[in-house]
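A.B. asks: Sharing a structure with you now.
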Amino acid sequence: MTQYQWQLAEQPDPATVQQLSQTLAVPPFLATLLWQRGIKNKPDYEAFVHPDISRLHDPFALHDMDKAVARILEAIEQNQKITIYGDYDVDGLTSSSIMLETLQSLGAEPDVFIPDRFTDGYGPNAEVYAYLQKTGTQLVITVDNGVAGADVIDPAQAAGMDVVVTDHHELPETLPHAVAVVHPRHPEGHYPFGDLSGAGVAFKVATALLGEPPLESIDLAALGTIADLVKLTDENRIIAQLGLKMIQTQPRVGLAAILKEAGVALETVNETTVGFVIGPRLNALGRMGDANPGVTLLTTFEEDVAAELAQQVGKLNQERQGLVSKIAQEALTMAQTPENQAAKTLLLASKGWHEGVVGIVASKVVEATGKPTLIMNIADDGVTAKGSGRSIEAYHLFNALEPAKDKMVHFGGHHMAVGLTAKTAELSAIHAQMEAAAATMLKTVPKPALPIAARLEVGDLTLEHYELIRQLAPFGQGNPEPTFSVRPQVIQNVKPIGKENAHLRFQIDQGVNVIGFGFGSAAATLAEAQAVKLAVQLDQNTWQGNTSLQLMLKDYAVKQPQVVDWRMPTVDGSQFKAQRNYVFFDAKVKQQFERQFSFGGPTMLAEQVTTSLADAVLVDLPKDRGQLVTVMQHIQLPVTVMFYGAPSRLVAMPTRSEFGAVLHFLKAHPGFDKHHIPAIAKAVHLTVHQVILAIQVFFELDFVTIEGAFISPVTAPAKKPLQTAKAYVAREAFLTLARQLQTMPRVQLETMLVTEHSDSEVGS
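With the numbering used here, the residue at position 71 of the sequence shown is 1043, and numbering never jumps.
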């Protein structure tokens, strides 16, 4: 079952591809991807792949930029005390650092205030603003915050402390009456690009102050832009391209220290490095405590200071990862209670959950369950709870919760994420509101879309194509990394990897490696699949100096076999460790195996299977086809088969002459005691089971009589073919069935068993 709705992108016709390939002097593979991005001529291509700082927009086109610059320069000229008021995430730290470096280059000595997530909260804080004014601050410059702070900024302005707001967040109905509000989407502005990050806005202010773009800070602008997940189009793309290039070739001391601590080679730095290495480490500061050292790390020129801070940041990030793992495990356990499994949304609350990571935990729970989720930490006194929520595309979390905002102390957010504080006693009512909203929002939930750039053959999966794709980087919102579908002929060496086997590694045709982060639970499904379609992105892996292609798994679709083949010549017990339902046809085999092995699931006899049974394993051989048909009436497909048969049960049918040898022995020993049958077996060189079968056939055909324990031949019996005896027919049918079940190719066996299953359904 796929997680996404795969949507194949529009494909240009071959003639268009060929023409664009010639126009741009690029291979057809790349021409197709460029065409899909709307790049269909040489100027657009050059602008896309070759960043040019001159193409950045005029910073004075931003609303109130002239007022902001005038007030900041006035403060510098008059030596007024300036405080840069930032934020504790990557965008906030980089914005603060850009503004700090810019003002310092102009001769100012500003203070930087990074709020504490736990005591100050996000954005303007009235107590902090009062403290800043009391301690002499005459101008506050907000970065990455402030546009929603009218209730704090307006009183500060009235009290004589000026505020210049630079921000990019959602615009509220009431804007602050600050000296200037610099925002790319200000309702009275006409800036040509509205998707700048906080760091991007700070970079534009710096450009206006300095008269030219501060290229020495473009790496910081790139970090904030990429980490804040804004669209990587227009000037954001230029900032990201040039900033990443600077980190690769001339990294500032602090970033070099972070990358060294993380073991990342400079030449490999790209947007993924920001998202998974640099970003999480800087964010860990604000999540775990004081984020102020982040500004020091990003702006210091001292290598020993940077190295020490990078070590601290790395350690904090490890602690953060440990906390996330622990809390997520606890939360997912709570999500499995019957009432939570029945719910369409989740509100999970507990004491002792670190408030700095509840948002990440909520994301993990949403990923695992597909349900909009609030993760709440209950205060030590048990009276209040504070937390974060994450959602899915079909469920507008802010709108869902807004009717219950009177039950919350604090509440804010948007479609996919919220933050809130509430009395613990109100949590059940808040969850009830989530469920009420789900009744309409989640009535029919489509799978999220997964754009597929093209269908590729396995031969198209090459390092050359990966390198062509990288010409389209950096990837992000507005410029997604292309995902391709591929149908491999072979999937092999499927292995769960990582902590708790959360991830997956396997190979497809020609030994191409595939890594699937978060796909560990799919190992058995992929290993047993009859046919597979993969959605992948191309990547590379370098190990011991050798670079090879690797694929990153994004989704998969399988044609699951209806019969999973566990047939083996011998049984060692490893087959019984899985959590399945083990079905036996023979009570003696069941008793023997229960003594010999331990089972990961319940064991039962076939006649006990009277209702629908999933995850069934047919362990041994049925006595006849009728017994197999009966049990298949109640087995849910797919079914796993072992069809073990003890060698003694599978000895061949005696030949006509061997039957004759047994009868000859009985004629020579009238009144033979059946307790001594092994003596017959020894004399005629047959097994005990073969001799018993022969005697059963002879008795049925009136060749012998059995009185108590004694067997005697019949004098001059009527001639009857052996094959007319029911015992003979049954034994022959059993051996034929056993041979089919044990040796038939899996595909044919599946046809046979599925037919039995279908026939039984028709007849039931």
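We treat Cβ as the ideally placed atom computed from N, Cα and C, and that holds for glycine.
(1) Are the beta-carbon atoms belonging to Ala922 and Arg1292 less than 7 angstroms from one another?
(2) Counting only the same chain and skipping the five closest in sequence on each side, list residues whose C-beta sits under 7 angstroms from that of Pro1375.
(3) Taking Cβ to Cβ, would you say Val1177 is nearer than 7 angstroms to Asp1036?
(4) Below 8 angstroms on the Cβ atoms is my contact criterion, and I expect Val1466 with Ala1495 to pass it. Report the Cβ-Cβ distance as a whole number of Å.
(5) Decide if the region 1145-1152 is in contact with the region 1019-1039; the criterion is three or more beta carbon pairs, one per stretch, under 8 angstroms apart.
(6) Which of the three DSSP states, helix, strand or coil, is assigned to Gln983?
(7) Contact defined as beta carbons within less than 8 angstroms: I believe Lys1336 pairs with Ala1366. What is the distance between those atoms, to the nearest angstrom?
(8) Which whole runs of the beta strand (DSSP E) in the region 1240-1324 are 3 residues long or more, in chain order?
(9) How long is the line joining the alpha carbons of Ala1425 and Leu1072, rounded to whole angstroms?
(10) Report the rounded CA-to-CA distance for Val1486 versus Lys1415, giving the unit in angstroms.
(11) Among Gly1488, Gln977, Lys1379 and Ile1070, which one has its Cα closest to the Cα of Arg1477?
(12) May I ask you to verify whether the region 1428-1442 touches the region 1346-1354, counting CB pairs closer than 8 angstroms and requiring at least 3?
(13) Can you name, in chain order, every residue of its own chain whose Cβ lies under 7 angstroms from the Cβ of Pro1423, other than the five neighbours on each side?
(14) Might you give, ordered along the chain, the residues of its own chain that have their beta carbon closer than 7 angstroms to the beta carbon of Leu1797, omitting 5 neighbours on each side?
(15) Count the other CB atoms, across all protein chains shown, that sit within 10 Å of the CB of Gln1547; report buried if there are 16 or more and exposed otherwise.
(16) What does DSSP give as the partner residues of Gly1361 in its beta bridges?
(17) Roughly how many angstroms lie between the CA atoms of Glu1733 and Val1603, to the nearest whole one?
(18) Is the region 1218-1234 in contact with the region 1039-1046, if contact means three or more CB pairs nearer than 8 angstroms?
(19) Between which two residues does the beta strand (DSSP E) harbouring Ala1421 extend?
(20) Out of curiosity, what's the CA-to-CA distance linking Thr1240 and Thr995?
(21) Quick one, are the C-beta atoms of Val1634 and Val1656 less than 7 angstroms apart?
(22) For the alpha helix (DSSP H) that Leu1590 lies in, which residues bound it at each end?
(23) Measuring only the C-alpha atoms, how far is Lys1595 from Val1611?
(24) Do you know whose CA, among Val1484, Tyr1616, Gln1502 and Leu1593, lies nearest Asp1544's CA?
(25) Helix or strand or just coil, what does DSSP make of Val1530?
(26) Between Gly1483 and chain D, is any beta-carbon pair separated by less than 7 angstroms?
(27) Taking the CB atoms as reference points, tell me whether Ser1068 and Val1115 lie closer together than 7 angstroms.
(28) Cutting at 6 angstroms between CB atoms, please list the residues of its own chain near Val1589, excluding the five before and the five after it.
(29) Return helix, strand or coil for Ala1702, following the three-state DSSP convention.
(30) What residue ranges within the region 1120-1178 form continuous alpha helix (DSSP H) runs of no fewer than 4 residues, ordered along the chain?
(31) What whole-angstrom Cβ distance do Gly1196 and Gly1226 have, given they're in contact under 8 angstroms?
(32) Kindly provide the ranges of any alpha helix (DSSP H) runs that are 4 or more residues long and lie completely inside the region 1034-1076, ordered along the chain.
(33) With a threshold of 7 angstroms on Cβ separation, who are the neighbours of Gln1412 within its own chain once the five nearest residues in sequence on each side are excluded?
(34) Determine the contact status of Pro1626 and Ala1666, defining contact as a CB-CB distance below 7 angstroms.
(35) Does the distance from the C-beta atom of Pro1023 to that of Ile1198 stay below 7 angstroms?
(36) Could you work out which residue in Phe1682, Arg1621 and Val1124 is closest to His1641 when comparing CA atoms only?
C.D. replies: Based on what the coordinates show:
(1) What the structure shows of the chain is the stretch from 973 to 1736, and residue 922 is not part of that stretch, so it cannot be assessed.
(2) The residue given as residue 1375 occupies position 403 in the sequence shown. So the list reads Gln1405, once near-sequence residues are dropped.
(3) Locating residue 1177 in the sequence shown gives position 205, where the first residue counts as 1. Locating residue 1036 in the sequence shown gives position 64, where the first residue counts as 1. In this structure, Asp1036 does not lie closer than 7 angstroms to Val1177 by Cβ.
(4) The residue labelled residue 1466 in the question sits at position 494 within the sequence shown. The residue labelled residue 1495 in the question sits at position 523 within the sequence shown. Right, their Cβ atoms sit about 5 angstroms apart.
(5) yes
(6) Taking the first residue of the sequence shown as position 1, residue 983 is located at position 11. If DSSP states are grouped into helix, strand and coil, Gln983 belongs with coil.
(7) Translated into positions along the sequence shown, residue 1336 becomes position 364. Translated into positions along the sequence shown, residue 1366 becomes position 394. Contact doesn't hold; Cβ gap of about 19 angstroms is too wide.
(8) 1318-1323
(9) Taking the sequence shown and counting its residues from 1, one reaches residue 1425 at position 453. Taking the sequence shown and counting its residues from 1, one reaches residue 1072 at position 100. Their Cα atoms are separated by approximately 42 angstroms.
(10) By one-based count along the sequence shown, residue 1486 stands at place 514. By one-based count along the sequence shown, residue 1415 stands at place 443. Going by the C-alpha atoms only, they are around 36 angstroms apart.
(11) Working through the sequence shown from its first residue, we reach residue 1477 at position 505. That would be Gly1488, whose Cα lies nearest to the Cα of Arg1477.
(12) no
(13) Numbered from 1 along the sequence shown, position 451 holds the residue referred to as residue 1423. Taken in chain order, the residues that qualify are Gln979, Ala981, Pro1452 and Thr1455.
(14) Since the first and last residues shown for the chain are 973 and 1736, residue 1797 lies out of range.
(15) Taking the sequence shown and counting its residues from 1, the one referred to as residue 1547 is at position 575. Buried is the call here.
(16) If you number the sequence shown from 1, residue 1361 lands on position 389. DSSP output for Gly1361 lists Leu1346 and Val1390 as bridge partner(s).
(17) To locate residue 1733, count along the sequence shown from 1; it is residue 761. To locate residue 1603, count along the sequence shown from 1; it is residue 631. Because the pLDDT of Glu1733 is 40, which lies under 50, any placement of that residue in the model is unreliable, and the number read from its coordinates should be weighed accordingly. Rounded to whole angstroms, Glu1733 to Val1603 spans 11 angstroms at the Cα level.
(18) no
(19) Within the sequence shown, numbered from 1, the residue matching residue 1421 stands at position 449. That run of the beta strand (DSSP E) goes Ala1421 to Ile1424.
(20) Here residue 1240 refers to the residue found at position 268 when the sequence shown is read from its first residue. Here residue 995 refers to the residue found at position 23 when the sequence shown is read from its first residue. C-alpha separation (whole angstroms): 30 angstroms.
(21) As a first step, residue 1634 must be located in the sequence shown, where it is residue number 662. As a first step, residue 1656 must be located in the sequence shown, where it is residue number 684. Yes, these two residues count as a Cβ contact at 7 angstroms.
(22) Numbered from its first residue, the sequence shown carries residue 1590 at position 618. That residue, Leu1590, is in no alpha helix (DSSP H); its beta strand (DSSP E) goes Ala1588 to Asp1592.
(23) Reading the sequence shown from its first residue, position 623 is the one you call residue 1595. Reading the sequence shown from its first residue, position 639 is the one you call residue 1611. Distance between the alpha carbons of Lys1595 and Val1611 is about 19 angstroms.
(24) Residue mapping note: residue 1544 aligns to position 572 of the sequence shown, counting from 1. Nearest C-alpha to Asp1544: Tyr1616.
(25) Along the sequence shown, one-based indexing puts residue 1530 at 558. In this structure, Val1530 counts as strand in the three-state DSSP scheme.
(26) The displayed structure is made up of one protein chain only, and chain D is not part of it.
(27) As a first step, residue 1068 is located in the sequence shown; it is residue number 96 there, counting from the start. As a first step, residue 1115 is located in the sequence shown; it is residue number 143 there, counting from the start. Yes, they are a contact pair.
(28) Translated into the one-based positions of the sequence shown, residue 1589 becomes position 617. Result list for Val1589: Arg1552, Tyr1554 and Thr1612, in chain order.
(29) Counting from one through the sequence shown, the residue named residue 1702 turns up at place 730. Correct three-state label for Ala1702: helix.
(30) 1122-1130
(31) Position 224 of the sequence shown, counting from 1, holds the residue named residue 1196. Position 254 of the sequence shown, counting from 1, holds the residue named residue 1226. The Cβ separation is near 14 angstroms, so there is no contact.
(32) 1037-1049
(33) Stepping through the sequence shown from its first residue, residue 1412 is reached at position 440. Just to set this straight, residue 1412 is Thr in the shown sequence, not Gln. Once the five neighbours on either side are set aside, Thr1412 has no close Cβ partner at all.
(34) By one-based count along the sequence shown, residue 1626 stands at place 654. By one-based count along the sequence shown, residue 1666 stands at place 694. Their beta carbons are under 7 angstroms apart, which means Pro1626 touches Ala1666 by this criterion.
(35) Taking the sequence shown and counting its residues from 1, one reaches residue 1023 at position 51. Taking the sequence shown and counting its residues from 1, one reaches residue 1198 at position 226. Result no, Cβ atoms of Pro1023 and Ile1198 do not sit closer than 7 angstroms.
(36) Counting from 1 along the sequence shown, the entry for residue 1641 is found at position 669. Residue Phe1682 is the option with its Cα nearest to His1641.
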